[in-house]
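**Q** As they're listed, the protein sequences go chains A and B.
If you're matching positions, the first sequence starts at 1 in the working numbering and goes up one per residue.
If you're matching positions, the second sequence starts at 114 in the working numbering and goes up one per residue.
The C-beta atom is built at its ideal place from N, Cα and C for all residues, glycine as well.
From a predicted model like this one, the values you see are computed outputs, not experimental measurements.
Questions regarding the structure given below will be posed in turn.
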Amino acid sequence: EADIYQTPRYLVIGTGKKITLECSQTMGHDKMYWYQQDPGMELHLIHYSYGVNSTEKGDLSSESTVSRIRTEHFPLTLESARPSHTSQYLCASRRTGPADTQYFGPGTRLTVL
Amino acid sequence: AQSVAQPEDQVNVAEGNPLTVKCTYSVSGNPYLFWYVQYPNRGLQFLLKYITGDNLVKGSYGFEAEFNKSQTSFHLKKPSALVSDSALYFCAVRDWTGGYNKLIFGAGTRLAVHP
């Protein structure tokens with residue numbers, strides 16, 4: 001098992017709430033990623049970071065924001081959750097080389113009522 | 114742009130039979146290819162990867178994959194399926210286009226192994 005952690009694992013909240021999904025890794029990886037996974041399985045990259053103070057948007061437009069103040073920590077925030085944000089969110093990390101394996105956290109399943 | 118395709122949404126196999134989950138890729142240059150497995154309510158777990166060298170790559174849980182450059186394929190295989198192998202399987206390729214380095218995932222294949 002990879003040393004990458006996500007909390008909470010499950011979250012049910014009401015519309016309009018602000019939420020932060022936590023992701024941390026103890027492997028010293030520079031690169032970190034957030035994916036959104038549809039109920040139908042497909043993975044969509046929504047944010048990535050190449051290191052501290054580096055964040056970029058991914059392929060799928062998302063209303064969420066991320067920050068990377070410490071190497072090991074890459075939280076995702078939704079300022080005002082909506083039912084359309086209901087999904088599984090997966091965090092991942094890897095070392096720098098292109099051949100390096102990308103490791104995933106266990107995911108956070110978010111339900112917005 | 115790099116891409117991968119998993120042509121089957123679902124694969125059904127009887128326990129004890131060999132299994133194959135298909136993946137084809139389209140890349141410019143040499144591909145870096147990966148297989149992941151996802152169990153219910155879990156993240157993706159790394160199974161194996163092909164970077165260079167031997168075309169037959171061995172991975173976790175008895176899985177292996179064969180890189181075939183002429184057919185641009187990287188099919189996942191296991192000689193004898195277990196019911197516990199039932200899960201979602203994702204093929205991925207490393208992409209360097211668009212100014213950053215990322216994994217491109219296939220749509221996933223659901224493997225169902227029946228007793």
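Got a sec, what are the start and stop residues for the beta strand (DSSP E) arginine 207 of chain B sits in?
**A** 200 to 208 is the span of the beta strand (DSSP E), which, as asked, contains arginine 207 of chain B.
**Q** Does the beta-carbon of glycine 219 of chain B have 16 or more other beta-carbons within 10 angstroms, so that it is buried, or is it exposed?
**A** So glycine 219 of chain B ends up on the buried side.
**Q** DSSP three-state label for tyrosine 152 of chain B, please.
**A** Here tyrosine 152 of chain B sits in coil by DSSP.
**Q** Would you please verify whether the beta carbon of lysine 162 of chain B is less than 8 Å from any beta carbon of chain A?
**A** Interface residue, yes.
**Q** With distances taken from CA atoms, which of B:Gly142, B:Tyr149 and B:Asn143 is nearest arginine 223 of chain B?
**A** Of B:Gly142, B:Tyr149 and B:Asn143, the residue nearest in Cα terms is B:Tyr149.
**Q** Can you list, in chain order, the stretches of the beta strand (DSSP E) that have 3 or more residues and sit fully within the stretch 47 to 84 of chain A?
**A** Qualifying beta strand (DSSP E) stretches, in chain order: 54 to 57 and 76 to 78.
**Q** Looking at C-beta atoms only, is the number of pairs between the stretch 135 to 146 of chain B and the stretch 89 to 96 of chain A that lie closer than 8 Å three or more?
**A** Short answer: they don't touch.
**Q** Roughly how many angstroms lie between the CA atoms of threonine 86 of chain A and leucine 76 of chain A, to the nearest whole one?
**A** The straight-line gap from Cα to Cα measures roughly 14 Å.
**Q** Would you say tyrosine 138 of chain B faces chain A, with C-beta separation under 8 Å as the test?
**A** No, tyrosine 138 of chain B does not count as interfacial toward chain A.
**Q** Between arginine 82 of chain A and phenylalanine 74 of chain A, how many whole angstroms is the CB-CB distance? I'm expecting something under 8 Å.
**A** Between phenylalanine 74 of chain A and arginine 82 of chain A the Cβ distance is about 23 Å, and since that is not below 8 Å, they are no contact.
**Q** Going by the CB atoms, is the gap between isoleucine 217 of chain B and valine 226 of chain B shorter than 8 Å?
**A** No, Cβ-Cβ distance for valine 226 of chain B and isoleucine 217 of chain B is not below 8 Å.
**Q** Kindly give me the distance between the Cβ atoms of glutamine 119 of chain B and glycine 221 of chain B, rounded to whole angstroms, as I take these residues to be in contact under 8 Å.
**A** So it is a contact: roughly 6 Å between Cβ atoms.
**Q** Mind listing, in chain order, the continuous beta strand (DSSP E) runs of no fewer than 3 residues lying wholly within the stretch 124 to 180 of chain B?
**A** List check, beta strand (DSSP E) in window: 132 to 134, 137 to 139, 146 to 151, 157 to 163 and 169 to 171.
**Q** Cβ closer than 8 Å: which chain A residues qualify as neighbours of tyrosine 202 of chain B?
**A** Within 8 Å Cβ-Cβ: nothing; tyrosine 202 of chain B doesn't reach chain A, min ~10 Å.
**Q** Please classify threonine 108 of chain A: is it buried, with 16 or more other beta-carbons within 10 angstroms of its beta-carbon, or exposed?
**A** With 16 or more other Cβ atoms within 10 Å, it is buried.
**Q** Checking contacts by CB at 8 Å: is asparagine 214 of chain B closer than that to chain A?
**A** Yes, asparagine 214 of chain B counts as interfacial toward chain A.
**Q** Taking 8 Å as the CB-CB cut-off, is leucine 157 of chain B touching chain A?
**A** Yes - at least one Cβ of chain A is within 8 Å of the one on leucine 157 of chain B.
**Q** At least one CB of chain A closer than 8 Å to the CB of phenylalanine 218 of chain B: is that the case?
**A** Yes, because at least one Cβ of chain A sits closer than 8 Å to the Cβ of phenylalanine 218 of chain B.
**Q** Can you look up serine 87 of chain A in the DSSP assignment and give me helix, strand or coil?
**A** Three-state DSSP puts serine 87 of chain A in a strand.
**Q** Using alpha carbons as the reference points, say which of A:Tyr103, A:Ser84, A:Gly14 and A:Met32 lies closest to glutamate 124 of chain A.
**A** The question about residue 124 of chain A has no answer here: the residues shown for chain A are numbered 1 through 113.
**Q** Sort out for me which residues DSSP pairs arginine 223 of chain B with in a bridge.
**A** Arginine 223 of chain B is bridged to B:Gln123 and B:Leu201.
**Q** Closest Cβ-Cβ distance between tyrosine 174 of chain B and chain A: below 8 Å?
**A** Cβ-Cβ to chain A under 8 Å: no for tyrosine 174 of chain B.
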